[in-house]
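Chains as they are written, first to last, in this note's numbering: chain D, 1 to 354; chain A, 1001 to 1842.
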């Protein structure tokens, strides 16, 4: 039997604040459309069950339109069972619509069986976060899939999944949600494996990399395969521009650093000490690469290289300025800033102090 | 420091040129364009090298400017002394790259590698400081229109091109600071961002207030949903009751339709005594009646035709005794034929004078035929004549010729006779053939007789001629006389005789034959008479009326055949009519039976109409029945499918009230949901607003940090400026005053310098601005200031001064004073003085 493991759809979530409104609106729509594509994928690939391991919605009180969208999608696909386990974002009152193919969970273990396959799930609370491990009574003769929403670790608590305690409990596949990146399918114990599916679409530059779901082929064992599925990839690059002497060189360095397609979302953090003054470097980079990607954001963290040693011997105002700043008790960072601004001021309009 | 010499291999316009320099002032007189400035640049390049050419280099730098386009090695060497050591530097430059330059430095003859540039090593200052102090061009000593010396001095201590970079820098910083924070108006980026943040915070508060309402709206929506569900349930139940009622009404209506159909059917059935015919029965009735009508019409149309009946009647009368049998007819016919044949024969026997000759003979001799005696006399006379004639002939030497009898006449006679007899016989068989044969026979006989007689006449004898002739004549007269009596009076008596003889013979033959014929005719008449009697007997026996015997039997037979046909026809007609009558009776009986069975009295004239009605009624009945059955089935099906139960006793339900309540609730819920939607839309902004506030926080902090940084920078710049002034202005002023004192006699004024490098001179006990000095005085002041700077700025070795024709503005009188002053000032500083005019040679 084929099963899809996904999580963290975060319907109704805000998008990265750097996105322009129109791009943010597009991304919100894409979060929805990707979920629909997942269902289409399931329908056309013989997938019988979709595991939603938490945070389908971004809020305890989702927007009405998001609920209507979600339940409409479930209702329209009665041949597929959707096993929806609430997460930390959508933990309250989200099971507002009862549908025959929508299976939900509670604060105690609930199991849904499909032949020899038993799918377990429990919604973590402060009350069951410790006891849930021992209360799991998975039949060793069945293929047991367990759904949880939390961070995999070796400690116990709400929103924490203690992998150590989960071992040797006849778990064949631990379908986790909460972490938004797929990190591989890893061994749980001699019998089982565990994985985060990650989210379906990245929403900002804190959700970079390939996004998708895990397709499980459950026979005598559970075999999982990550299926990249996101409409767009979000990538975050830090580009060191140290020593570069003009914008042209910077642009080339940025282009060389980015490995993305035109549909992707890119952020470039410009770092290092550049040999020229361009206070609008980030904006200039964005303009230069405008249209090359779905969206590109540049953040300028560069500093102007101040070759203060060259001017320390100057019998000049800037030489004297450099000398007294250098000798001051400010920390190095502060000195750098003061030097950069002061020398810029002393260079005058368009003056080249370097 | 002192430059001793230099050799320019290739540098700008200079090629393979060597220069030597002495102490004090070394004047190099060259025309414009001959390389004064180039040599100055060469000296600087030998000391400090040249910046490389970059792709982004916008200005035309020295390397680009002085690169020899004519080719050859780019550079040269220079020898100078400094600090008691002799330096020789040789540099050859690449077209663009500094790293490809070749530099060789010898100190006191020993090649050395230097960490810093040669100039920095020797002078302790950077190239730019060297350039702005050691190079003195005309611009430094510009006339009254140029900036003040004070400003120039400030430029000397910083390296900007502006009049006062301190002030520019402070202005720039102040502007930016004011942009960030305007102290007076309280405006500025920081405040505007704070204001923006405040607005956002208010927006967030509003959104949070909305967010706080959402639970209530959702609860209300849920409550209304529940109430709607209850009302929907009540309405549904009420509807169900209503539907059941409606269904019962519907069922009742359907059954009423069934009853109505029943009544219509009963009404129809009653018309037929309760035995409404089926459409098949009605069809049969209609068919029967149709057949009856048809038979009736057929009967009427099938009567034996009157003309035929008349004919039959006539024949019946004609053959009242019975139609003669064919045998009788045949016998009568045969008899009639026999009579006919015999009549034919008889007619032939009567009419034997068929030829004209015979007719003529008959007319000539009938009743007047010469007697035999007369004929004998005539013969005798003829014989006598022939004798006389023959005798005469013989006497005329001719012997008489024996005449032989010819047997042909006998044979022809016999054959002709047989033919005539055969023809007579044949008459009984075929009248025409018989007559023909008889005629042939008669003609043959006549011809034969004629020829025989003729031949016989020609036989005679002759006597003595004369006598004989007389005798002959007498004989001839005698004969002629006799002939005359018999009507022959021709020329040739013998011919007359022979002709008469032949005619008489022929007539006699004819008469003989006529006699035979008469006998035969009599016999035939008797036979005919007998047969006529027999014939009449046959006719009488056969009830045949005699008539034209040629057509009698043909017509009789035809009449008998027609009579028989008519009789047969009549018989068949009668049979058919009888059959039709029987059929009509049968159908009529069926029709009558139909009505009688239903106790319906139908007048004869109305049968057709009633039959039609019965057909229609049967069709209607069947239609009604079908409709009734269908409606009944539908009603039953409806009852079955719709669970039409019995009447329910329920309280009166006010559907409208429930529906109105439901509608109101739905509207209210829709409004509530719309409000939720609207708030949802607004609340989508909440996280965005929070982000925006955070971003504004960051931005404000950044701006504040920038403001603080600006303030810090301002402090440091101000402090630097103070330090610079404290550190450099006084020594420069002191040196300036030293140099000014040296040339006081030349200048004619007592010079002084303020803290801000402004130069003044004392005149009439009053300090005046250097602006009041002449151009030459100001030029010399400037030189003093430059030398004062050199003295203070060069930590290690004082450099030479290169003067690039700076006194072009001076007239001869002032130049002489300046020349003197320059010489005075150059006692301690090597001065390389370039000029393009000999009048300005120092």
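Note that CB positions come from ideal geometry on N, CA and C, so glycine has one too. Here the structure is a predicted model, which is why all the values come from computation and not from measurement.
Residue i to residue j, Cα distance in whole Å?
{"i": "residue 1444 (chain A)", "j": "residue 1414 (chain A)", "result": "10 Å"}
{"i": "residue 1481 (chain A)", "j": "residue 1408 (chain A)", "result": "35 Å"}
{"i": "residue 1342 (chain A)", "j": "residue 1555 (chain A)", "result": "23 Å"}
{"i": "residue 1667 (chain A)", "j": "residue 1218 (chain A)", "result": "15 Å"}
{"i": "residue 1227 (chain A)", "j": "residue 1670 (chain A)", "result": "14 Å"}
{"i": "residue 1752 (chain A)", "j": "residue 1790 (chain A)", "result": "18 Å"}
{"i": "residue 1470 (chain A)", "j": "residue 1489 (chain A)", "result": "20 Å"}
{"i": "residue 110 (chain D)", "j": "residue 141 (chain D)", "result": "18 Å"}
{"i": "residue 237 (chain D)", "j": "residue 301 (chain D)", "result": "12 Å"}
{"i": "residue 276 (chain D)", "j": "residue 248 (chain D)", "result": "11 Å"}
{"i": "residue 1552 (chain A)", "j": "residue 1546 (chain A)", "result": "7 Å"}
{"i": "residue 220 (chain D)", "j": "residue 1673 (chain A)", "result": "49 Å"}
Among the options, whose alpha-carbon lies nearest the alpha-carbon of residue i?
{"i": "residue 1747 (chain A)", "options": "A:1735, A:1571, A:1780", "result": "A:1780"}
{"i": "residue 318 (chain D)", "options": "D:347, D:37, D:337", "result": "D:347"}
{"i": "residue 1013 (chain A)", "options": "A:1075, A:1001, A:1022", "result": "A:1075"}
{"i": "residue 1004 (chain A)", "options": "A:1010, A:1026, A:1015, A:1572", "result": "A:1026"}
{"i": "residue 1063 (chain A)", "options": "A:1080, A:1089, A:1097, A:1035", "result": "A:1097"}
{"i": "residue 1689 (chain A)", "options": "D:21, D:7, D:321, D:295", "result": "D:21"}
{"i": "residue 42 (chain D)", "options": "D:300, D:202, D:213, D:100", "result": "D:213"}
{"i": "residue 321 (chain D)", "options": "A:1777, A:1740, A:1720", "result": "A:1720"}
{"i": "residue 1825 (chain A)", "options": "A:1002, A:1024, A:1017", "result": "A:1024"}
{"i": "residue 1857 (chain A)", "options": "A:1040, A:1242, A:1108, A:1208", "result": "Nothing in the structure corresponds to residue 1857 (chain A), since chain A is present only between 1001 and 1842."}
{"i": "residue 116 (chain D)", "options": "D:106, D:139, D:98, D:100", "result": "D:139"}
{"i": "residue 307 (chain D)", "options": "D:339, D:233, D:333, D:285", "result": "D:339"}
Can you give the beta carbon distance from residue i to residue j, rounded, assuming they're within the 8 Å contact cut?
{"i": "residue 1234 (chain A)", "j": "residue 1658 (chain A)", "result": "6 Å"}
{"i": "residue 1794 (chain A)", "j": "residue 1125 (chain A)", "result": "6 Å"}
{"i": "residue 53 (chain D)", "j": "residue 176 (chain D)", "result": "6 Å"}
{"i": "residue 1381 (chain A)", "j": "residue 1475 (chain A)", "result": "7 Å"}
{"i": "residue 1594 (chain A)", "j": "residue 1285 (chain A)", "result": "5 Å"}
{"i": "residue 1618 (chain A)", "j": "residue 1278 (chain A)", "result": "6 Å"}
{"i": "residue 1 (chain D)", "j": "residue 114 (chain D)", "result": "6 Å"}
{"i": "residue 1080 (chain A)", "j": "residue 1041 (chain A)", "result": "Actually they are not in contact, since the Cβ atoms of residue 1080 (chain A) and residue 1041 (chain A) sit about 16 Å apart, beyond 8 Å."}
Does any residue of chain D have a CB that is nearer than 7 Å to the CB of residue i?
{"i": "residue 1250 (chain A)", "result": "no"}
{"i": "residue 1716 (chain A)", "result": "yes"}
{"i": "residue 1173 (chain A)", "result": "yes"}
{"i": "residue 1680 (chain A)", "result": "yes"}
{"i": "residue 1723 (chain A)", "result": "yes"}
{"i": "residue 1164 (chain A)", "result": "Any reading at residue 1164 (chain A) needs caution, since the residue's pLDDT is 44, under 50, leaving its predicted position unreliable; the model's value is listed next. By this cut-off, residue 1164 (chain A) is not an interface position."}
{"i": "residue 1151 (chain A)", "result": "Note on residue 1151 (chain A): pLDDT 46, under 50, position unreliable in the model; no value is reported."}
{"i": "residue 1709 (chain A)", "result": "yes"}
{"i": "residue 1050 (chain A)", "result": "no"}
{"i": "residue 1068 (chain A)", "result": "no"}
Any beta carbon of chain A sitting closer than 7 Å to that of residue i?
{"i": "residue 285 (chain D)", "result": "no"}
{"i": "residue 64 (chain D)", "result": "yes"}
{"i": "residue 9 (chain D)", "result": "no"}
{"i": "residue 116 (chain D)", "result": "no"}
{"i": "residue 342 (chain D)", "result": "yes"}
{"i": "residue 335 (chain D)", "result": "no"}
{"i": "residue 234 (chain D)", "result": "no"}
With a threshold of 6 Å (Cβ to nearest heavy atom), would residue i be considered close to the ligand GTP?
{"i": "residue 108 (chain D)", "result": "Among the ligands in the structure shown, none appear at all, so the ligand GTP cannot be discussed."}
- Task: Taking only runs that begin and end inside the stretch 1020–1091 of chain A, name each unbroken alpha helix (DSSP H) of 4 or more residues, in chain order.
- Result: Entirely contained in the stretch 1020–1091 of chain A, the alpha helix (DSSP H) runs reaching 4 residues are, in chain order, 1036–1048, 1062–1066.
- Cβ-based contacts, 8 Å cut-off: residues of the stretch 1213–1224 of chain A near chain B: Any reference to chain B falls outside this structure, whose protein chains are D and A.
- Item | Segments of 3+ residues assigned as beta strand (DSSP E) that fall wholly inside the stretch 167–231 of chain D | 173–177, 193–196, 212–218, 222–228
- Message: Which runs of the beta strand (DSSP E) at least 3 residues long sit entirely within the stretch 15–54 of chain D? Give them in chain order.
- Response: 47–53
- Query: Considering only residues of the stretch 1170–1209 of chain A, which uninterrupted beta strand (DSSP E) runs meet the minimum length of 3 residues and lie entirely inside it, listed in chain order?
  - Reply: none
- Item | Completely contained beta strand (DSSP E) runs for the stretch 246–300 of chain D, where each covers 3 or more residues | Runs found: 265–271, 295–300.
- Item | Every unbroken alpha helix (DSSP H) within the stretch 1249–1321 of chain A, with a cutoff of 4 residues, ordered by chain | 1279–1301, 1306–1318
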